[in-house]
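**Q** So in my numbering, the last one in the sequence shown is 381, and the numbering has no gaps at all. C-beta: ideal position from N, C-alpha, C; glycine also.
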Amino acid sequence: MTEKIKGLVIQAQSGFFTVETGQGLIVCKLRGRLKKGRKLADLVAIGDWVLVTEQEPGTGMIEEIEPRQSMIYRMAPTARGEFQQVIIANPDLAVFVFAVAQPEPRLRMLDRFLVITEKEGIDSIIVVNKIDLSGMRKARDIFGHYEKIGYPVLYTSAIKNRGIKTLKKMLVGKISLFAGPSGAGKTSILNAIQPDLGLAVKEVSEATKKGKHTTVSRKLVPLDGGGYVADTPGLKALDLWDITPEEVDGYFPEISRVLFNCRFSDCTHTHETDCAVIEAIKNNEIHLERYRSYLRMREVEEDKIPWF
Ligand SMILES: Nc1nc2c(ncn2[C@@H]2O[C@H](COP(=O)(O)OP(=O)(O)O)[C@@H](O)[C@H]2O)c(=O)[nH]1
Ligand SMILES: [Mg+2]
Ligand SMILES: [Zn+2]
């Protein structure tokens with residue numbers, strides 16, 4: 074019997090998967106028996122750990138797929154129903170890049186990203202870029218409350234090369250995903266970390282251009298010091314949304330921390346007296362802007378809040 078070799082899927086394109094193993098790169102197809110049954114999700118994606126057998130040198134077959142710890146996916150409508158496209162499996166870190174100005178930061182977008190990673194249990198860090206335009210004080214005024222929630226916040230300037238070394242260290246040995254609005258400086262930051270890295274990585278962005286329906290290749294771009302940055306072309310942040318209003322509570326850490334103290338178990342955290350969430354807002358333990366994002370995700374209209 075041919076020996077099974079463990080490896081990491083670092084590229085996926087039209088049914089071919091490049092697997093990095095201790096014995097080099099092996100370009101694999103998926104063993105037919107793995108494809109049996111109703112297929113409503115990508116069976117293999119970049120970031121998956123697999124067992125492969127080598128056929129010819131450098132080519133082989135994926136025989137087994139290890140269980141996934143987490144993933145970033147989008148639901149794509151097809152004739153046979155919603156298909157779960159896996160953008161990346163098992164990312165270690167999501168890096169959300171926002172500019173302190175130019176463009177003005179949209180915290181609603183950041184909060185949506187954070188809810189997605191909370192749902193999947195993926196560690197997140199917030200990179201606040203272009204501090205050369207604002208100074209630290211203004212940057213902290215806008216983003217400081219995220220540190221209190223527990224998210225690492227890193228203040229950078231790609232242009233002045235500030236904070237880049239610290240960020241680079243945080244990426245070593247990890248599989249990281251970069252996301253953020255267009256113009257925030259993702260490409261510039263990646264280029265500052267490693268020459269041409271920004272060119273190699275097309276980010277998850279809030280691009281407004283209509284996506285072209287071409288077959289995309291997804292890959293992990295290697296970092297010099299070990300680790301990878303995920304290249305996830307053509308994906309819009311809004312595509313990732315698959316969260317119902319009912320589950321939102323659990324994905325705001327600072328809200329889920331206090332809501333057990335509400336007097337009634339069916340508290341809606343909007344108008345009730347003795348609501349622990351409202352109490353925490355009044356005590357500055359929950360930031361009002363976070364609460365606004367929370368309301369929006371729960372599809373509660375702000376003018377329904379009597380104490381606003
Ligand atoms: N002032 C300032 N401008 C920056 C900084 N980082 C990037 N930029 C500029 O912001 C614009 C968008 O940067 P880019 O890296 O393409 O953003 P991306 O769309 O997120 O990849 C470019 O004109 C950059 O030169 C920064 O730290 N400070
Ligand atoms: Mg870019
Ligand atoms: Zn409540």
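Is DSSP giving Glu372 helix, strand or coil here?
**A** In this structure, Glu372 counts as coil in the three-state DSSP scheme.
**Q** Under 8 Å: do the stretch 146–160 and the stretch 102–115 share three or more Cβ pairs, one atom per stretch?
**A** The stretch 146–160, when compared against the stretch 102–115, does touch it at the 8 Å Cβ threshold.
**Q** Restricting to Cα atoms, I'd like to know which of His344, Phe333, Arg213 and Lys211 is closest to Lys377.
**A** Residue His344 is the option with its Cα nearest to Lys377.
**Q** So, with DSSP's three-state summary, where would you put Ile99?
**A** Residue state, collapsed to three classes: strand.
**Q** Around ligand 3, which residues pass a check of Cβ closer than 5 Å to any of its heavy atoms?
**A** Going along the chain, the residues that qualify are Cys335, Cys340, His342, Cys348 and Val350.
**Q** Just to check my reading of the structure: Phe171 and Pro178 have Cβ atoms closer than 8 Å, yes? What is that Cβ distance to the nearest angstrom?
**A** So it is a contact: roughly 5 Å between Cβ atoms.
**Q** Based on Cα-Cα distance, which residue from Glu352, Thr317 and Ile316 lies nearest to Phe333?
**A** Looking at the Cα atoms, Glu352 is the closest of the given residues.
**Q** By the 10 Å Cβ neighbour count, where 16 or more other Cβ atoms means buried, how is Asp121 classified, buried or exposed?
**A** By the neighbour-count rule (16 or more Cβ atoms within 10 Å), Asp121 is buried.
**Q** Less than 7 Å between C-beta atoms, sequence neighbours within five positions excluded: which residues of the same chain meet that for Asp205?
**A** Closer than 7 Å at Cβ, skipping near neighbours: Ser230, Ile232 and Lys233.
**Q** Can you determine whether any heavy atom of ligand 1 sits closer than 8 Å to the C-beta of Leu332, and answer yes or no?
**A** No, the beta carbon of Leu332 sits no closer than 8 Å to any heavy atom of ligand 1.
**Q** Is Arg153 helix, strand or coil by DSSP?
**A** DSSP places Arg153 in coil when its eight states are reduced to three.
**Q** Where does the unbroken beta strand (DSSP E) through Ala303 begin, and where does it stop?
**A** Unbroken beta strand (DSSP E) run through Ala303: Tyr301 to Asp304.
**Q** Got a sec: does ligand 1 put a non-hydrogen atom nearer than 8 Å to the Cβ of Ala231?
**A** Answer for Ala231: yes, Cβ within range of ligand 1.
**Q** By Cβ distance below 7 Å, which residues in the same chain neighbour Gly258 in space, the five residues on each side in sequence not counted?
**A** Taken in chain order, the residues that qualify are Val170, Ala172, Asn202, Lys203 and Ala231.
**Q** So is Pro254 buried or exposed if we call it buried at 16+ other beta carbons inside 10 Å?
**A** So Pro254 ends up on the buried side.
**Q** Please give me, in chain order, every unbroken run of the beta strand (DSSP E) with length at least 3 that falls completely inside the stretch 238–263.
**A** Counting whole runs of 3 or more residues, the stretch 238–263 contains the beta strand (DSSP E) stretches 248–253.
**Q** Give a yes or no on whether the C-beta atoms belonging to Ala273 and Val245 are separated by under 9 Å.
**A** It is not a contact, given that the beta carbons lie outside the stated cut-off.
**Q** Between the stretch 188–202 and the stretch 210–226, are three or more C-beta pairs nearer than 8 Å?
**A** Output reads yes: the stretch 210–226 touches the stretch 188–202.
**Q** Just checking my contact of Thr94 with Thr126 at CB under 8 Å: how many whole Å lie between their CB atoms?
**A** In fact, because the Cβ distance is near 11 Å, the residues do not count as touching under 8 Å.
**Q** Given a cut-off of 9 Å on the beta-carbon distance, is the pair Ala162 and Arg147 in contact?
**A** Result no, Cβ atoms of Ala162 and Arg147 do not sit closer than 9 Å.
**Q** Using a Cβ-Cβ cut-off of 7 Å (strictly less than) and excluding sequence neighbours within five positions of Ala265, which residues of its own chain qualify?
**A** Closer than 7 Å at the Cβ level, and outside the excluded window around Ala265, lie Ala231, Asn234 and Ile237.
**Q** Report all residues from its chain with a CB closer than 8 Å to the CB of Gly88; omit the five preceding and five following residues, and keep chain order.
**A** The answer, listed in chain order, is Lys102 and Leu103.
**Q** What distance in whole Å lies between the Cβ atoms of Leu313 and Ile189, which are believed to be in contact at a cut-off of 8 Å?
**A** Sure, about 5 Å apart at Cβ, within 8 Å.
**Q** How big is the Cα-Cα spacing for Glu327 and Cys348?
**A** Roughly 14 Å between the two C-alpha positions.
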